[in-house]
Amino acid sequence: MITTYHRPQTLDEALNLLTQPNTVPLGGGTLLSQPTVDSVQAVDLQALGLDFLTKKGNDLEIGATATLQSLLENEACPAALKAAIKLEAPINIRNSATVAGTLVASDGRSPFATALLAMDAKLTIDHGPKTVDGQSSIVYGLGDFLPLRPHGLITAVTVPLNTKLAFEFVSRTPADKPIVCAALAQWNSGRTRLALGGYGKSPMLAMDGTEADGIESAARNAFHEATDEWASAAYRMDVASTLAKRCLGTI
Ligand SMILES: Cc1cc2nc3c(=O)[nH]c(=O)nc-3n(C[C@H](O)[C@H](O)[C@H](O)COP(=O)(O)OP(=O)(O)OC[C@H]3O[C@@H](n4cnc5c(N)ncnc54)[C@H](O)[C@@H]3O)c2cc1C
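Here the numbering used here is used: the first residue of the sequence shown is 996, the next is one more, and so on.
Below you can see the structure in the form of structure tokens.
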């Protein structure tokens, strides 16, 4: 439950507020505004100008408070990433939910986090008020961020645009979150990353190689313990391998 609300006008002000105990960033608030027994102070990020979507060279820089819908509607957003965003949440939620809030709250079933993991997205995280030399931010690969979810204010997420991306999924209904999803990113150099979602606390990186050889067995191996109430590991291993092959065929 949010007991105190702040709307800072500058990043430094926000970072100072976030040093207080039980104080958390507020993105779109779709999760934070749900009733809970814990009381928190919320630091609303909406006045900080972090809702940008900027193409810079081979990258798309996405401000932390850009909404899922604004990313979906951006012409630089790859088609396969759009497909993953559409599966992440229905339009009313996409219009409020932010890119950073979604990644922080994501679990292994998140198609959005799975696609960004395949793309090797980078998160810029501010850990506090600027030091004397002006440095306070650290860049994390999403693959390092997800298992740890370190505290700090995400200010931007950067995705490469010089990759081809494919996304495939299987779910109970076309609008459900996937039971298995696969995202494959491939660079001109041949570098190939396969991320799998649909299970567990975070999506998994099944492969990061210099070529695509062995991708089906990498997909199969990654899910050898992936049993839960939705599906058995044996089912997920078969489906992941098929989806990986399908991704490779469409990329
Ligand atoms: C009714 C309902 C229930 C939901 N329940 C769940 C659920 O139980 N579990 C789940 O995973 N998703 C749940 N969701 C999905 C949730 O809406 C999405 O995860 C959403 O995309 C979160 O984005 P947001 O911007 O609204 O985040 P917010 O609700 O604003 O914040 C979510 C989390 O991210 C943190 N955060 C936000 N911005 C930043 C930032 N820039 N830097 C660092 N941290 C930040 C917040 O402090 C908070 O911990 C639910 C949605 C709805 C509508």
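Yeah, the Cβ is synthetic: ideal placement off N, Cα and C, and Gly gets one too. Since the model is a prediction, treat every value here as computed from it, not as a measurement.
Spanning the alpha carbons of Ala1110 and Val1035 requires a straight line of approximately 31 Å.
DSSP places Gln1181 in the strand class (E or B) of the three-state scheme. The C-beta of Lys1051 has fewer than 16 other C-beta atoms within 10 Å across all chains shown, which makes the residue exposed.
With fewer than 16 other beta carbons inside 10 angstroms of its own, Tyr1000 counts as exposed. Here the C-alpha atom of Gly1136 lies approximately 13 Å from the C-alpha atom of Met1199. Taking C-beta atoms as the reference points, Ala1161 and Ala1075 count as a pair closer than 7 Å. Taking 4 residues as the shortest admissible run, the stretch 1011-1079 contains the following complete alpha helix (DSSP H) segments, listed from N- to C-terminal end: 1063-1067. When DSSP states are grouped into helix, strand and coil, Met1199 belongs to the strand group.
The stretch 1033-1049 makes no contact with the stretch 1162-1175; the number of CB pairs closer than 8 Å stays below 3. Per DSSP, the beta bridge partners of Pro1155 are Asp1054. By the criterion of a C-beta distance shorter than 8 Å, Ser1212 is surrounded in its chain by Ser1236, once the five residues flanking it on both sides are discounted.
For Ile1080, the distance from the CB to the nearest heavy atom of ligand 1 is not below 6 Å.
With contacts defined by Cβ atoms closer than 7 Å, Ala1207 and Leu1148 do not form a contacting pair. Taking a contact to require three or more Cβ pairs closer than 8 Å, the stretch 1012-1025 and the stretch 1092-1104 qualify as touching. A residue is called buried when at least 16 other Cβ atoms come within 10 angstroms of its Cβ; Asp1139 does not meet this threshold and is exposed. Straight through space, the alpha carbons of Leu1156 and Phe1164 are spaced by roughly 22 Å. For the pair Leu1055 and Val1154, the CB atoms are nearer than the 7 Å cut-off.
A check of alpha carbon separations from Arg1104 across Asp1223, Thr1245 and Asn1183 identifies Asp1223 as the nearest. Under the 10 Å beta carbon count, Val1099 is surrounded by 16 or more other beta carbons and is classified as buried.
Using a cutoff of 6 Å, the CB of Val1099 counts as near ligand 1, since one of the ligand's heavy atoms is closer than that. Rounded to the nearest angstrom, the gap between the Cα atoms of Val1019 and Leu1010 is 10 Å. In the structure shown, Phe1164 adopts extended strand secondary structure according to DSSP, grouped into three states. Within the model, the alpha-carbon separation for Met1232 versus Ala1201 is close to 12 Å.
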